[in-house]
Structure formats: structure tokens, C-alpha cells
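Respectively, the protein sequence lines represent chains R and H.
Taken in order, the first sequence gives residues 1 to 327; the numbers are from this note's numbering.
Taken in order, the second sequence gives residues 1 to 327; the numbers are from this note's numbering.
Ideal Cβ placement from N, Cα and C applies to all residues, glycine included.
2 protein chains.
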Amino acid sequence: MNSDRPPSPVERFVFLVDKNLAQRLKRDERPGKSLVSAARYTCMAPGAKRARPRLVFHFGEAVAASEDARLAIAECAELIHAASLVHDDVIDDGVMRRGQETVNVLFSNLTAVLAGDLMFSVAFGLLSPYRPDVMYTAVEVLGAMTRAAIDEVEARGDVDLSLEDWRAIAAGKTGALFGWCGAAPALAAGDDDAAARFRRAGEHLGVAFQLADDLKDLAPMGNKDRFADLLNKNPSYPILWSAARSPVFEAALRRRWSREVSPEHAAELGQAVLASGAADATSRALHDEVDAAFDALGDLKDAPGVAAVANWARALLAASTVHQEAA
Amino acid sequence: MNSDRPPSPVERFVFLVDKNLAQRLKRDERPGKSLVSAARYTCMAPGAKRARPRLVFHFGEAVAASEDARLAIAECAELIHAASLVHDDVIDDGVMRRGQETVNVLFSNLTAVLAGDLMFSVAFGLLSPYRPDVMYTAVEVLGAMTRAAIDEVEARGDVDLSLEDWRAIAAGKTGALFGWCGAAPALAAGDDDAAARFRRAGEHLGVAFQLADDLKDLAPMGNKDRFADLLNKNPSYPILWSAARSPVFEAALRRRWSREVSPEHAAELGQAVLASGAADATSRALHDEVDAAFDALGDLKDAPGVAAVANWARALLAASTVHQEAA
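Below, the structure is given as C-alpha cells:
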């Protein structure tokens, strides 16, 4: 990227979202208080891609939502996302101590819990200047995300999880908030038809995002945690697809997952997943979700900002193909 | 109480709130899912006094709020209260493992966190049929409660906490939701003036409730956990009052709280608190809060349901006097 070029509108928007988040979490800070530090630490993580604010920006453009509404909704989405990560990372009595520098480790479990609660409150509070159903739908998203989070925990190690169950978890965990990032700007702009279409499209894109993530775990290049899903007994789409396809693989997976999994066993299972053609199947599922997203958009496919969303989805597809070819 | 007597309107109301909560948490239950079980376990605890639903019922009567609105608000308040208890009980890496049968022990930390999140979502969702600011103010209450919860954790063992800081914590922890139990039915009924008055009155009553709780810790009768605040380094109002009053006690407290406190040391400090006249001072503060609550009500003091709130406050005062005399 040429650094002399002025920032694009979406980059300018993401910069504003970052700035507002940083300011909001600073204003609130009192000396010696750890809560806001924890929230800040999570929200301002340097690697944050701000996928949700980008969706809000582009979908908002399509319905000419005001910049104020788009900023509030984007900030809210990022806070809900970050708060859900903080809560997911609370240590489960040593059962799933996965991260190393999560909030609960740096601060404490209780701080992580309360920081997340504060973020939910601040997030919803940002929506009060807009149509009431902007907040109502955000509250529903929290419910969907929470139910999916527990389903995901309870699915850990479950070889018998169906692909439909996998999709329901992905739709709740990622799709609900992606869908809201589309619906909320449309609701704020008073366009109920666009809201319904963007919600459905966003949900499909969220599931696509999750499929791309599952594929990434199989990719060999620059992937030092390759096959982490197999190691952590996380039943990803390709793993479940292989298990449904091959009784031999299913039996091997069941045997391995019934006890502690070594990195060597994970690698061995990973090669079996790849040999079964699961990467290809996952890529096809990803294409199907992106197609379904565009079907849901109908005529709005050609609206100004939606083209940028389409480009984003195409990049997701292209990346998944690269992973797959390399795999 | 005579069991032949038909239930009073408020008892019938509390029964309905219980029934609705149980139904709501049942409908949602799926086989093998622990999340709703955890929520249910917390909400349907047999000892729940339903203080918040009672406030909603009586304040709602004063402004003739519909029964639907009152039920939704009462259920919401009880869910927010229960969710905050679940989150407060998340084990802080062994630092403050106080309860024995809390959700995090029976289920797991992660289940406790997610159960609380689900309860917040369900709670707020109940409010969408009413004026939008009913939900907006509930979201603000979550923020106030969360900030107070972390302040309370950080105040643990703090001998230098001022009585003003103590009050701010009590106002956030208990007063904010009590105030909302008054304000929300008034907002739903479209009475903004009553909402503002009930909010202030409820906040004072919440602080009074907290003072009564602090006093109870000093009471000898039927109190097997007497002086738990001193044992757990929880700076209660009477403890802080004694420390502010007596430099000798303050020095002793600081010395004891700088290391592990034995039950014997807690009892010894407790006797010093009582000898300083702190129970009397706490009772005076409780009276002042109740007076302030009635001042805030203005002419609404004489409205129908408010008399029942007044009786409740008087019972709080009477009980505190008993504790104090027995102490």
C-alpha cells in the first residue's frame, strides 16, 4: 500500500472507531482501577482487524445511514465482540486454559467477567439515540452468542456433532453479530426491508468467515499452530465432514479424542482429514454460504457499499482456495 | 401467618414472577445443557426474598402501571440481580473463594459467566414492549452495578476507604437496581416526574438495605457467621466508622488485615467495633437514608402503593434496632 495515498473512506472510518473506543475507555479510567484497563487491553489489541466495523460502514453506505449511527453501531459491535472474547477466555478450572496472555491471566477471572459486563453495558448504551429496535436486536444478539458459546463448549470432543449443529453454532457465535452489523444501520436509517436482507446476508457471511477459519487450521504455510482444532478436540467443519464421510477416520478420531491428544496424533489425524477431501468440501460450503448471502441481498446486491462487502467475501474465498491448494 | 387467608396482592404478584421465571428458564432448556440449569438454579433459589419484585409491585401501584409491565420489570430486575450474583461468585483464582455451593462450583466458571450473560440478554429482552427508556435505564443500571462490583473487590482490606466511598459502592451495588425498580414502572406508565422521584427514593432504600446488612453481621443472635465482614476483610460501614473514630482501632484493624485473619481475631475486632458505638452510628445512617427516601418522594409519599414501601422501610429500621440492642 502506498503511504502517500490518502486513506480510503473505510480506513478513515475504522480509524475513528478506534479513536472513539480508546477515548471512551480512557474517560472512564480512574487511578488504580483495573476494570477499564482490562476492557481497553482487549478492545485496543494491535491485531484487531475490525471486520465488524467494516461491515457496518459498507452496509450503512448502502442505506445512507448517518455517520453518527454507523460509528455508534460499529463501536457497539466491536465492544460486544471483545466482551464475548473476554468472557469466553475465563479459565474453566484448568479444563481449557488455552490462551497465555488473556485478560483473566493478566488481570484475574473476576476482572475479566466484570470488564465484559461493563463493555456490554457501554455497548448497548451507545444505541439509545437511535430507533429502539437497534438496541432490542443487539440484546437478542447477545443471547444468540451466549447460547452458541455454551453449545461450543459442550460440543468439545463430540465426534457425533452433525454438520447442521456445527452450522448452528457458527451462526450464533459469528453470524448473529455479523447479521446485526448489516441490520442495525438499516434499522437506524428506517429501511426495514434492507435490515431483514442485510441480517440474513450478514449471518451467511459470518458462517463463511467461520468456515475460512476452520480451513486456515489445515493450511501448512506460516501456521505454527497447524491442526490446533484436532489437538484441542474442537470439532471443526472439515473434521466433522471427514468423520461423516469415513467410518475408519471416525473410529480413529473417537479413539484419539477419548484421551489426551499429542501433537503427533493431531498431525496424523490432520493428514487423514486432508486425504479425505475435507478441505475441498469446506471450500464448497464456504462458496455456498457466500452465494446464499448474495441471494439474500436481492436487488440490494448492486447498492453502493455492498460491492465492497462482495469484494471482502471474494477475498475470503480466494484466501480459502490458497489454503486449500497449499494444503 | 394464617394459611387459610387468601394471598395478598403482592404475594400473588411474587408468585406470578416466580412462576414466569421458572417457565421461561424451562422453555429454554435442552437435554444435556447446563447453561439454563445454572440460571434456573440461581433464580429459583428457595431463600430468594424477591425484594426487588416487591418494590416494583408497590411503586407500580402508585403510578397505576399495567400488570404486564410490572411483571416484566420485576422479572427483569430479579434476573439482573441473580446474574450479578452469579458473576460476582466467579472464582478469582482462589483469592476469594467464599461460597461453597455457588454456580461456579456446582457447574464451572465458564458456565457461570455464560449463564449470567444469557440472563442479562433475557432480562433486557423482556423490556422491549415498553417505552424505550425502560430498557435504556436498565442497561445503565448494569454499568453502575458492574463498576460498584469492581470497586468493592478493590476495596477489600482497604482500611482507608472513606464513608463516602462506602456509600458510592452501596449505591451502585444495590441502590441503582432498587432505584430502577421504582423508576421503570413509572416510565412504563408515562409518569416522568414519579420516575425521577422513585429512582432517588429507591437508591436511598438500597443503601439503607445495605446498611441493615452490615448491621446484621454484628448481631449475635442466630448468626453463626458473625463478624464475617472482619474475617473477610470487607470494609463495612460500622467497621469504617469505628476506624475513622478511633485511631487505636484503626491501627489494630490495619495490623490484622495486613495478613490472614483468624476467627478469634475477627471476634476481638468485632467487640471493639461494637464498643465504639458503631452499631448506633450505622442505625442513624440507616434512618437518614430512609428519611432521604421519603424526602425524595415528595407528595407521592401518600400514593397508594408507597405506604407499603414505607412499611417495608420501617420493618428494616425495626429489625436494625433489634440487632443493635441485641448486639
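Buried versus exposed call for R/M221 [16 or more other C-beta atoms within 10 Å across all chains shown]
exposed
Contact set for R/P304: own chain, Cβ-Cβ below 7 Å, skip 5 residues either direction
E61 and A62
Let me see if you follow: with CB-CB separation under 9 Å, is R/Y136 close to chain H or not?
yes
Would a C-beta distance cut-off of 9 Å place H/A310 and H/C181 closer than the cut-off?
no
Classify R/A326 as buried or exposed, calling it buried when 16 or more other Cβ atoms lie within 10 Å of its own Cβ.
Residue confidence is low: R/A326 scores 48 on pLDDT, short of 50, so the model does not pin down where it sits. No coordinate-derived value is stated.
Which residues, in chain order, does the region 146–161 of chain R contribute to contact with chain H at a C-beta distance below 9 Å?
T146, R147, A149, I150, D151, V153 and E154
Taking C-alpha atoms, which residue in R/F178, R/L177 and R/A149 lies nearest to R/D165?
R/A149
Considering only the alpha carbon of each residue, which of R/D192, R/F120 and R/A189 lies closest to H/T146?
R/F120
Spatially closest choice to R/V90 from R/R284, R/A115, R/I80 and R/M44, by CA coordinates:
R/A115
Assuming H/R52 and H/L177 make a contact with CB atoms under 8 Å, what is their CB distance in whole Å?
6 Å
Cα-Cα, which of H/A184, H/A189, H/A212 and H/D214 is closest to H/R200?
H/A184
Segment contact flag, the region 71–87 of chain H with the region 200–211 of chain H, C-beta cutoff 8 Å, min 3 pairs:
no
Just the chain R side, please: which residues come within less than 8 Å of H/S121 by C-beta, in chain order?
V139, E140, L142, G143 and T146
How about H/V113 and H/A171: do their beta carbons lie closer than 9 Å?
no
R/D117 touches chain H at which residues, Cβ-Cβ below 9 Å?
A83, S84, H87, G116, D117, F120, L142, G143, M145, T146 and A149
What in chain H is Cβ-close to R/P132, meaning under 8 Å?
S128, P132 and M135
Taking 9 Å as the CB-CB limit, is R/G32 close to chain H?
Annotation note: pLDDT 45 at R/G32 (below 50); position unreliable, coordinate value reported separately. Closer than 9 Å to some Cβ of chain H, the Cβ of R/G32 qualifies, so yes.
Candidates H/L253, H/A195 and H/L163: which alpha carbon is nearest H/A281's?
H/L163
Taking only beta-carbon atoms, is R/R98 less than 9 Å away from chain H?
Because R/R98 carries a pLDDT of 39, less than 50, the predicted location of this residue cannot be relied on, and the following value inherits that uncertainty. With 9 Å as the cut-off, R/R98 does not count as an interface residue toward chain H.
Report the neighbours of R/F124 on chain H: residues whose CB is nearer than 7 Å to its CB, in chain order.
V139
Quick check: what's the CA-CA separation for R/K19 versus H/S236?
40 Å
Check: H/D165 C-beta below 8 Å from any heavy atom of the ligand ZN:
The ligand content of the structure shown is nil, which means the ligand ZN is not present either.
Nearest-angstrom Cβ-Cβ length linking R/V122 and H/G143, presumed shorter than 8 Å
7 Å
Note the first and the last residue of the continuous alpha helix (DSSP H) segment covering H/G60.
A51 to A62
Given this structure, state the Cα-to-Cα distance separating H/D295 from R/S37, to the nearest angstrom.
39 Å
Does any residue of chain R bring its CB to less than 9 Å from the CB of H/A113?
It is worth fixing the name first, because residue 113 of chain H is Val in this sequence and not Ala. True, the Cβ-Cβ gap to chain R drops below 9 Å.
Spatially closest choice to H/D160 from H/A22, H/A318 and H/E250, by CA coordinates
H/E250
Rounded straight-line distance, which links the Cα of R/A318 to that of R/G270:
22 Å
Would you call the CB atoms of R/L187 and R/V248 closer than 9 Å?
no
Rounded C-alpha distance that separates R/L274 from R/A285
16 Å
How long is the line joining the alpha carbons of R/N234 and R/D288, rounded to whole angstroms?
23 Å
With DSSP as the reference, label R/D217 as helix, strand or coil.
coil
Same chain only: Cβ atoms within 6 Å of H/A72, ignoring 5 sequence neighbours per side:
L126
Can you tell me the Cα-Cα spacing of R/G179 and R/K216, whole angstroms?
23 Å
Which value, in whole angstroms, describes the spacing of the CA atoms of R/A307 and R/A39?
33 Å
Reducing DSSP to helix, strand and coil, say where R/V207 ends up.
helix
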